[in-house]
Structures are given as structure tokens and as C-alpha cells.
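Colleague:
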Amino acid sequence: MVAPIYISSETFDYDYETKTLSNKWKTSLKKHSVKASLVSNVRCASWNSTGEILAIGTNSGEILFVKFEKGFENFSDMTIQIVTISEAKEKFIEDNPIDLKDSENEINHIVFHNFHPHLCVTSSNDHVLRFWNPYNGVKIGDWCNNELASQTLNSICFKGKSVTDSTLYCITNYERLWKLQQISDDFKVTTKISQNEINDIALYGENNDIIGPSHRGTVIIYDGDTLEQYQSFEIGTQKRGYRVIALNRDQTLMALGNNFAQVQVYMIDQETVLTQYDGMRNTVRHLSFSACGKFLAIGGDDDYIVILETKHFTEIYRIDNLGSKCRFLEFNPLYPYLVYKDCDRSKSSPIRKERNTQYEQAIILGPFV
Numbered sequence: 000m001v002a003p004i005y006i007s008s009e010t011f012d013y014d015y016e017t018k019t020l021s022n023k024w025k026t027s028l029k030k031h032s033v034k035a036s037l038v039s040n041v042r043c044a045s046w047n048s049t050g051e052i053l054a055i056g057t058n059s060g061e062i063l064f065v066k067f068e069k070g071f072e073n074f075s076d077m078t079i080q081i082v083t084i085s086e087a088k089e090k091f092i093e094d095n096p097i098d099l100k101d102s103e104n105e106i107n108h109i110v111f112h113n114f115h116p117h118l119c120v121t122s123s124n125d126h127v128l129r130f131w132n133p134y135n136g137v138k139i140g141d142w143c144n145n146e147l148a149s150q151t152l153n154s155i156c157f158k159g160k161s162v163t164d165s166t167l168y169c170i171t172n173y174e175r176l177w178k179l180q181q182i183s184d185d186f187k188v189t190t191k192i193s194q195n196e197i198n199d200i201a202l203y204g205e206n207n208d209i210i211g212p213s214h215r216g217t218v219i220i221y222d223g224d225t226l227e228q229y230q231s232f233e234i235g236t237q238k239r240g241y242r243v244i245a246l247n248r249d250q251t252l253m254a255l256g257n258n259f260a261q262v263q264v265y266m267i268d269q270e271t272v273l274t275q276y277d278g279m280r281n282t283v284r285h286l287s288f289s290a291c292g293k294f295l296a297i298g299g300d301d302d303y304i305v306i307l308e309t310k311h312f313t314e315i316y317r318i319d320n321l322g323s324k325c326r327f328l329e330f331n332p333l334y335p336y337l338v339y340k341d342c343d344r345s346k347s348s349p350i351r352k353e354r355n356t357q358y359e360q361a362i363i364l365g366p367f368v
């Protein structure tokens, strides 16, 4: 285990602080279910930039847009709109002759624009990127080409200063980095070989460059305009195989999860590993810092989620009995809430033929202070 290098100058009773914080979590938390009549199981989720809209994708091409227009005081006021990706398929059948089965509908990623709250993108197994207005559930565009259709998207991030200033970055399993820059009604496409196997990317710095950890253990930063690599640094650990990256809000801390059930927390300005958490048993696939920066949520191929406080990186809460591995988790960008997938019912009923039952598959956990 990598020894922590951070020592607080404050005087504290470590055990007392941790126990007190843990008790506050347990006594203040409430679980709120997102219930909907769905054909299949929920798979991925994302909050918009204002924290007022939650988008959830399913295995059969359904998207739930959950809106909290009246805030989080009363969860009964939330509205849920369900749309599907099926109406967008026909356009690409001639250009991309893919055998469109039910499995092709599966939504793998759903990502919001980093600035504009009413713009998000989905990727699915039919290799089409679809753009949506989550406020009214209207599909506003789609894009695909033959080269991208032959690859698997590992990760997507979406940046811009307005809805008309949008750039989409994708990293694929062919070690290729893609940049799709909106030009009028189309995209200017730039691609570069990343020369590294990268599973996850994020926006980084004032210029919104691209940062991602490689499978070999190197963290690499790419210029957001040219896609050229301009910085890299090694993480001080023997076990690498990184799967996921998360940055705290002021981008002073970077958390990395790997195939060996480890989470390393890295101080970016000092280029030093701050600490390592070894409380997971299997591959770590999901990491999220809370908006206040005081908590880090960890999930992956285990049937539980761990919440760490970020002062001493001690576990203060554990969400057990998920029913299967953690499919997604994400802290709200502004409010003290965490969304995660509660239970995987696919083993008993992979595809439900009719929308006649409401299933508690997505849980919003909060508030926490």
C-alpha cells in the first residue's frame, strides 16, 4: 500500500472525527427511488451542469429524463419523461449495414454538456451518437461514420461555452482519440492515435484539455485543440491497469481506479500519490467526488459502494446489497445527492415485454452535510 504523505496541521482526534462524520451520514441520509415502467434494466446515468436534470439510459434504448424543477425538497414533485432511440435507426441502415437487434439498442454512455444544461449525448451499441434536449426529451441530432462504427467507445466527454459551441471527445478501444467539433449542422472530425490504451477521459484545466490514465500506468494530458500529447506522468504503484478517472471540483485531486481493486488519490500540483484505498475486492469502474469535495464514492464489480471522506480518506459509509456489480454512481454537481443503481433484475427477467410494472432501479441518496 502507498503510504499517505498528507498530514494535517490541525489537531484532531482521528477516531472521534471519523465516527462522528459516519454517524452524521447514517442519521441524515434518505433514499429516494426513481420509479418508471421500463422494458429493461437501467445501465448508465448522468446529471446536467445545474444538477436539476438526471438522465438514465437502459439496456433497450430507453432514456429517462428526471427533472427536479422545484428543487429537492419534495421528491414527489420530480417529473419523469421516457424517450427511446428507436426512431433514429433507419437513417444509418443504408450507410452502415448493422444487424439491428435488441442488443444494439443498449445505451452505454450518457453525458451532459459541461456548460449548457439542456444538451446531452448518448452512445449505444448501434454505434450512433444521438444528441438530446433533456428538458423536453426531443432528439436534436445524430451522427455516425463507418470508422467510428467499427470501434467501441470507452469514454466520452462534452465541452463548450454554449449550445452552439460544442466539442465532443471520445476515446476508443483502438487507442484512437476523436474530436467532433460542431460546425453549423455537422461536425468537423479530428482523430489521433493516442498510443496508449485509455479507458476513461475527463476535461482538465482552464482550456478544457483531455486527461486520461493509461492501462500501463501513465496519466496523459492531450491538447484539446490539436489532440497532441503534451504532458504525462507515472503513478507510483506497481499495479496499474487503470479503468476510471475522477477529478475534484477545483482539480487539485485526481482519483484513479484500476483492475486490481485499488484506488489511488493523486495530488496533481505536486505529482504525488496522496493515498491508496484497498477496501474493494474487484475492478474499480466508477469514481465520483461530491460537489463540496469532502467525499469520494467508489464502485465497480463488487456488490457494494464505498463512501470515503477526503481529509483522511477513511470509509465512513457503505451501501451494501446492490444485487450485482455497481452499474453507475455519480454525485450531483451542486446538491448533496448521489445517484446509483440499486438492484439488477436482469437475472430473473432480462427483457420485459410490456411496460406494466414500476421498478425501483435507480436510487438517489441524500442529503448529506
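Reminder that position 3 of the sequence shown reads as 2 in numbering that gives the first Met the number 0, one-by-one numbering, no gaps.
C-beta: ideal position from N, C-alpha, C; glycine also.
Just so we're clear, the structure is a prediction, and the values are computed from it rather than from any experiment.
(1) How would you call S85, buried or exposed, if buried means at least 16 neighbouring beta carbons within 10 angstroms?
(2) Kindly confirm or deny that the stretch 311-330 and the stretch 290-301 touch, where touching means at least three C-beta pairs closer than 8 Å.
(3) Rounded to a whole number of angstroms, what is the C-alpha to C-alpha distance between L255 and V218?
(4) Bridge partners for E308 per DSSP, in chain order?
(5) Should S8 be labelled buried (16 or more other beta-carbon atoms within 10 Å of its own) or exposed?
(6) Go ahead and label D208 buried or exposed: buried means 16 or more other beta carbons lie within 10 angstroms of its beta carbon, across all protein chains shown.
(7) Counting along the chain, where does the alpha helix (DSSP H) carrying E146 start and finish?
(8) Exposed or buried, which one is Q194 when buried takes at least 16 other CB atoms within 10 Å?
(9) Using the rule of at least 16 other Cβ atoms within 10 Å of the residue's Cβ for burial, across every protein chain shown, is N257 buried or exposed?
(10) May I have the straight-line CA-CA distance separating K30 from Q230, to the nearest angstrom?
(11) Closer than 6 Å by C-beta to Q335: which residues in its own chain qualify, once you throw out the five before and the five after it? Chain order, please.
(12) With 16 as the cutoff for other CB atoms within 10 Å, does F232 come out buried or exposed?
(13) Just reading off the beta strand (DSSP E) that T163 is part of, what are its end residues?
(14) Which word fits T166, buried or exposed, when buried means at least 16 other C-beta atoms lie within 10 angstroms of its C-beta?
(15) Let me make sure I understand the geometry here. Which of N247, Y316, V262, S323 has the alpha-carbon closest to that of A290?
(16) Under 9 Å, do S154 and C169 count as touching if we go by C-beta distance?
(17) If I measure Cβ to Cβ from I197 and keep anything under 6 Å in the same chain, skipping five residues before and after, which residues do I get?
(18) Compare the beta carbon distance of C156 and L202 with 9 Å and say whether it is the shorter of the two.
(19) Using a threshold of 9 Å, state whether the C-beta atoms of L252 and Y265 are closer than that.
(20) Check whether the Cβ atoms of L337 and F312 sit closer than 9 Å, and answer yes or no.
(21) Which partner residues does R129 have in the DSSP bridge list?
(22) So V283 and R242 are supposed to be a Cβ contact under 8 Å. How far apart are they, rounded?
(23) Just to confirm my understanding: we take C119, look at its own chain, exclude 5 residues before and 5 after, and list those with CB closer than 8 Å. What are they?
(24) Distance, Cα to Cα, G70 vs N172?
(25) Is it the case that the Cβ atoms of E61 and V33 are separated by a distance below 9 Å?
(26) Cβ atoms of E105 and T151: under 9 Å apart, would you say?
(27) Where G136 and R280 are concerned, what is the direct C-alpha to C-alpha distance, given to the nearest angstrom?
(28) For the beta strand (DSSP E) containing N107, name the first residue and the last one.
(29) For Y339, count neighbouring Cβ atoms within 10 angstroms of its own Cβ and tell me buried if that reaches 16, exposed if not.
(30) Among residues of its own chain, excluding the 5 on either side of Y316, which ones have a beta-carbon nearer than 6 Å to its beta-carbon?
(31) State buried or exposed for E68, treating a residue as buried only when at least 16 other CB atoms are found within 10 Å of its CB.
(32) Return yes when the C-beta of Q194 is under 8 Å from any heavy atom of the ligand MG, and no when it is not.
(33) With N47 as the anchor, note down where its beta strand (DSSP E) starts and where it stops.
(34) Between the C-alpha atoms of A361 and S161, what's the straight-line distance to the nearest angstrom?
(35) Within 10 angstroms of its Cβ, does E51 collect 16 or more other Cβ (buried), or is it exposed?
(36) Less than 9 Å between the beta carbons of I220 and G240, yes or no?
Modeller: To lay it out plainly:
(1) Burial check for S85: the Cβ neighbour count within 10 Å stays below 16, so the residue is exposed.
(2) With contact defined as three or more Cβ pairs closer than 8 Å, the stretch 311-330 and the stretch 290-301 are in contact.
(3) Approximately 10 Å, taken between the alpha carbons.
(4) The beta-bridge partner set that DSSP reports for E308 consists of F294, T313.
(5) Per-residue confidence for S8 stands at a pLDDT of 38, beneath the threshold of 50, marking its modelled position as unreliable; the derived number appears in the next sentence. Classification for S8: exposed.
(6) The residue is buried, with at least 16 neighbouring Cβ atoms inside 10 Å.
(7) From DSSP, the alpha helix (DSSP H) with E146 extends over 145-148.
(8) Exposed.
(9) With 16 or more other Cβ atoms within 10 Å, it is buried.
(10) One C-alpha to the other measures close to 42 Å.
(11) At residue 335 the sequence reads Pro, which differs from the Gln that was named. Scanning its chain for C-beta atoms nearer than 6 Å, with the 5 sequence neighbours on each side dropped, one finds around P335 the residues G365, P366, F367, in chain order.
(12) Exposure of F232 is indicated by the presence of fewer than 16 other C-beta atoms within 10 angstroms of its C-beta.
(13) T163 -> no beta strand (DSSP E), and no H or E assigned at all.
(14) T166 is buried by the Cβ-count criterion.
(15) That would be N247, whose Cα lies nearest to the Cα of A290.
(16) Contact: yes.
(17) Contacts found: I170, G211, S213.
(18) Note that the C-beta distance between C156 and L202 is below 9 Å.
(19) Yes, the pair counts as a contact, with Cβ atoms nearer than the cut-off.
(20) No, the pair does not count as a contact, with Cβ atoms beyond the cut-off.
(21) DSSP, once it has assigned bridges, lists T121, D141 as partnering R129.
(22) Rounded, the Cβ-Cβ distance is 6 Å, consistent with contact.
(23) Once the five neighbours on either side are set aside, the close Cβ partners of C119 are S45, N47, A54, I109, V110, F111, H112, F130, W131, P133, F157.
(24) Pairing G70 with N172, the inter-Cα distance amounts to about 39 Å.
(25) Not in contact: E61 and V33 (Cβ atoms no closer than 9 Å).
(26) It is not a contact, given that the beta carbons lie outside the stated cut-off.
(27) So the two alpha carbons sit approximately 39 Å from each other.
(28) It spans 106-111 - the beta strand (DSSP E) in which N107 sits, taken as one unbroken run.
(29) Its Cβ being crowded by 16 or more others within 10 Å, Y339 is buried.
(30) Taken in chain order, the residues that qualify are W24, I306.
(31) Classification for E68: exposed.
(32) Ligands are entirely absent from the displayed structure, and the ligand MG is therefore not among its contents.
(33) Taken as a continuous stretch (DSSP letters only), N47 belongs to no beta strand (DSSP E), as it is neither H nor E.
(34) Computed Cα separation, rounded: 30 Å.
(35) Buried.
(36) No.
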